[in-house]
Every structure is written in structure tokens, then in C-alpha cells.
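Before any comments, here is the structure.
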Amino acid sequence: MSKPNPRPTLATARHATLRAEARMPSRYGDFRVYAFECPLEGVETGAVVHGDVRGEENVPVRLHSECFTGDIMGSLRCDCRDQLEAGLRHIGSVERGVVIYLRQEGRGIGLVNKIRAYALQDQGMDTVEANHALGFDDDLRTYEVAADIIRLLGIKSVALMSNNPKKRQGLLDNGITVVDRIPHIMAPNEHNRAYLETKRVRSGHLLPIDGGLAEG
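Below is the structure:
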């Protein structure tokens, strides 16, 4: 018989405050959903949890950045929806795990600028060149909110589901122990192949040079 999943500590951290929780049955498993206010960022964000994570080590955690075009509208220009669904499917298949949904659209540049970057990509730029042309760095995301949520859920250490070394470093910089990395590689399609190769070559993501990705 599985243990009940206890309520996280109702504490206010600097970047996130737990405000609500409920049971959330889904197509990926029977989860609990938690809603957090993030006052310094002026947003609300959420996390879904499978199993008992409080006081546990090596908990699989996916930090997923919001993607209106991919997650919601099914765009094939990125692998975001595939990554979100794979993360939910994975935590639903193991004893415990968490997916945190971070409100950092377009790697932190917002939806309007992301669509502007899309338009520049239509003219031949890659994702990094487009961001730079708009006056932004490649990736503006930060991980203070994610770290606070992990602490509020009572997790001692995580196995990070990610191909992006910056996410691991972001958690480490904010005091989270990352004991393992779970590769999170999606098959490319004809529309996102160049995007994924840019992630590998220019942004340092740990992606294969085979398995459908072009050689860099």
C-alpha cells in the first residue's frame, strides 16, 4: 500500500509561496497539483507531483519552461510539447517525481518577442541569431523559483530530467543538490531539426549528433 503524499510545508520562500493544492488525475497518472505565487516575478506557476516526494533523495524533476506555441497549440517548430508530455509520462511511470511548469516563455523573452524571433528565423536566422538581433541573450531563464518550489515540496535532492547544463547549474547556484541527470531527448521532425541542432552546437545542450540530428 502506497504512502499518502503529505502536504508540503506551508512556508513562504523568497520567490515562491504555496497557495493551493488538489488531486489531479491525468492521462499520465494520478498526480497532485500545486499552485504557487511568485511575487517578485509577478506570476503564478504550478507543479505536478507523483508519489511521496517529501524528504526523498534523487527525485526525478523536470523543469519545463512555458511554451504557448508548442505546449498548447502543437507547434512543430520546437520539441517543447514532446518534452512536457515525456516528462509527465515518466514521472507517472515511476514511484515519485515532479514536473515544475516555469513561466518563462521563449527562454525568458516573452511571447511577443518569441514570435518576433520566429519571423527572423523565417528569414534565415537561427534561434540564437534571432534573439541577439532583438537585443537579447540566447537564454534569459533563471531558476530561483524552481529552487524554492523544490524546497517547499521537501525534496532533498533531484535527478534532473534535462539536456541543458544551464538548468543543472541554475539549481546548484540556488542551493539545490542535483545528484543525477536523466537525458530528455526527443526525436526531431522536419520543422525542428535545425532548431535542435542549434541547441546542441550553439547553446551547449547535450544532444546526440546521430539519431536523426544533423552532424555539426
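Position one of the sequence shown corresponds to residue 1 (our numbering), numbered consecutively onward.
We put the beta carbon where it would ideally sit given N, CA and C, even for glycine.
Source: prediction; values computed, not measured.
Where CYS38 is concerned, the enclosing beta strand (DSSP E) starts and stops at 29 to 38.
Taken atom to atom, the span from the alpha-carbon of GLY175 to that of ILE155 is near 12 angstroms.
Annotated three-state conformation of THR69 is helix, per DSSP.
Pairing ASN113 with GLY106 gives a Cβ-Cβ distance under 9 angstroms. Counting the other Cβ atoms within 10 Å of the Cβ of THR177 gives fewer than 16, which makes it exposed. Assignment of LEU160 by DSSP, reduced to helix, strand and coil, places it in the strand class. Nearest neighbour of ILE182 by Cα position, chosen from CYS38, ARG62, GLU129 and VAL49, turns out to be ARG62.
A check of alpha carbon separations from GLU144 across GLN169, ALA130, LEU120 and GLU129 identifies GLN169 as the nearest.
In this structure, ASN189 is the residue among LEU134, ARG202, GLY46 and ASN189 with its C-alpha nearest to the C-alpha of SER75. Counting along the chain, ASP148 sits inside the alpha helix (DSSP H) bounded by residues 144 to 152.
Going by beta carbons, ALA117 and LEU134 fall inside the 9 angstroms limit.
Cβ contact annotation for GLY55 (same chain, cutoff 7 angstroms, sequence separation greater than five): GLY154 and LYS156, in chain order. Taking a C-beta distance under 9 angstroms as the contact criterion, PHE31 and GLY87 do not qualify as a contact pair.
Annotated three-state conformation of HIS132 is helix, per DSSP. Listed as beta-bridge partners of ILE182 by DSSP are MET161.
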